[in-house]
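Here is the structure we will look at.
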Amino acid sequence: MDGYSLSAKNEITALSFSTDCCKRAFLSALIHTGGSLVFGHGGMRVIIPAATAALEKKIDETLREVADGVRAVKDGSETVIEGQGVLPLMFGLGIFAKRGEETVVNEGIYPGLVRENCCAVWYIRGAFLGSGSASLTKGYHLEFALSGEALALDLIELLARFGIEGRLVGRKDKHVVYIKEGEAVSDCLALMGASGAVVELNSRLIMRSFRRDTNRRTNCEIANISKTVNAAVRQCEDIKLIESKQGLASLPEKLEIVARARTEYPDESFATLAERLGLSKSTLKNRLNKLGEIAENIREREKESNRD
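In this text, residue positions in the sequence shown follow our numbering: the first is 10, and each later residue adds one.
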């Protein structure tokens with residue numbers, strides 16, 4: 010697995026659930042996109058390949074909280090969900106359904122699982138852990154490699170709910186939902202809560218933008234630009250963290266306007282951004298500093314939560 014993908018997935022795995030319905034949406038996505046069913050003398054089992062130890066632990070803990078008679082165990086590079094409760098679990102997660110007397114597999118996303126936005130986000134997270142990857146090696150790319158077209162189309166619709174455009178392409182026996190534009194990849198990673206991956210991507214986006222404009226500038230100008238880049242990267246990091254944890258709409262209107270402008274124009278200088286907003290440089294500086302304080306408070310709360 011690509012190091013950037015693994016880092017993003019580790020961040021998502023470490024996130025905490027807010028409700029039980031989010032747990033079910035997560036498990037459904039993970040199993041539907043990354044799992045396979047095996048039938049044997051021991052009954053039905055679900056195999057999830059290449060799961061990390063942290064993900065296996067999260068699966069096991071989540072299963073114990075929302076289902077009876079099932080457990081997750083590590084088997085080499087695979088995580089196996091087994092037990093007498095596997096069949097009821099498949100119905101409970103909207104993966105199986107009854108059609109008359111016949112049991113069928115739901116080809117798409119069961120709508121009841123993603124009615125609430127919080128559950129929709131956790132479905133996207135589970136889908137990324139089950140079938141997704143992200144790369145900065147050749148441009149900017151994020152994708153979900155899915156086995157069914159209906160599931161792929163439903164996922165595109167789910168991403169669109171959050172303003173993210175996914176496109177569909179066939180690749181061998183897979184239906185791949187992909188995102189190519191750097192800003193869209195960043196938005197998707199931020200939605201999933203992979204803030205570290207967002208910072209790394211935004212840093213590259215900003216540096217690439219500045220490099221286009223600095224090839225003929227003096228060393229002094231380049232030094233000043235580096236300071237601007239570092240400040241912009243830090244500011245974008247703070248704003249993305251706030252967005253992923255509490256949403257920009259929770260901010261006072263004046264701070265929300267500044268936050269959205271900085272993320273929309275990450276490569277603009279401090280003076281240009283102030284002019285665009287009709288603010289003095291000192292006022293803009295104060296508002297960006299306030300956003301930094303809010304982000305720092307979020308980081309401190311997370312540290313305290315982890316210590317607990």
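All C-beta atoms in this analysis are idealised placements derived from N, C-alpha and C, irrespective of residue type, glycine included.
Leaving aside the five residues that flank G121 on each side, the residues in its chain whose CB is nearer than 8 Å to its CB run, in chain order, G103.
In this structure the region 109 to 121 does not touch the region 70 to 86; the number of beta carbon pairs closer than 8 Å is below three.
For S142, the enclosing beta strand (DSSP E) starts and ends at 141 to 144. The criterion of a C-beta distance shorter than 8 Å is satisfied by L293 and A283. The C-beta distance from I21 to L138 rounds to 6 Å, short enough to fall under 8 Å. Counting along the chain, T88 sits inside the beta strand (DSSP E) bounded by residues 87 to 91. In the DSSP assignment, P58 falls within the beta strand (DSSP E) that extends over 52 to 58.
If you look at A34, you'll find it in the alpha helix (DSSP H) that goes 29 to 43. Where A81 is concerned, the enclosing beta strand (DSSP E) starts and stops at 80 to 84. Linking E166 to G172 through their CA atoms gives a straight-line distance of about 10 Å.
In terms of Cβ geometry, M53 and V95 form a close pair [threshold 8 Å]. Secondary structure of A76 (DSSP, three-state): coil. Scanning A129, L64, A38, H41 for the CA closest to the CA of L24 turns up L64. Assigned with DSSP and collapsed to three states, I188 falls in strand. For the set I188, L297, D182, K183, the Cα lying nearest the Cα of D247 is the one of L297.
Of all alpha-carbon atoms in R33, V47, Y187, D182, the one lying nearest the alpha-carbon of V130 is that of R33.
In terms of Cβ geometry, L177 and V194 do not form a close pair [threshold 8 Å].
Inter-residue distance for T42 and S16 is about 20 Å (C-alpha atoms, whole angstroms). Excluding the 5 residues flanking it on each side, A241 has same chain C-beta neighbours closer than 6 Å at I215, P275, in chain order. When DSSP reads this structure, F100 sits in no beta bridge, so it has no partner. By the beta-carbon neighbour count (other beta carbons within 10 angstroms, threshold 16), F35 is buried. Taking the C-beta atoms as reference points, S14 is found nearer than 8 Å to A143. Residue state for R124 is assigned as coil, using DSSP reduced to three classes. With respect to the C-alpha of G148, the residue from K189, R285, P58, E174 having the closest C-alpha is K189. Boundaries of the beta strand (DSSP E) around E111: 111 to 114.
Annotation for C31: C127, C128, W131 place their beta carbon closer than 7 Å to its own, counting only its chain and skipping 5 residues before and after. Contact check for A60 against G101 fails: the beta carbons are separated by 8 Å or more.
Y187 and L164 have their C-alpha atoms spaced approximately 11 Å apart. Within the same chain, I57, I68, G135, A136, L138, G139 come within 8 Å of L39 by CB-CB distance, once the 5 residues on both sides are set aside. Remark: C-beta atoms of K183 and A203 do not approach each other more closely than 8 Å. Nearest Cα to F48 within the set Q93, A62, E152: Q93.
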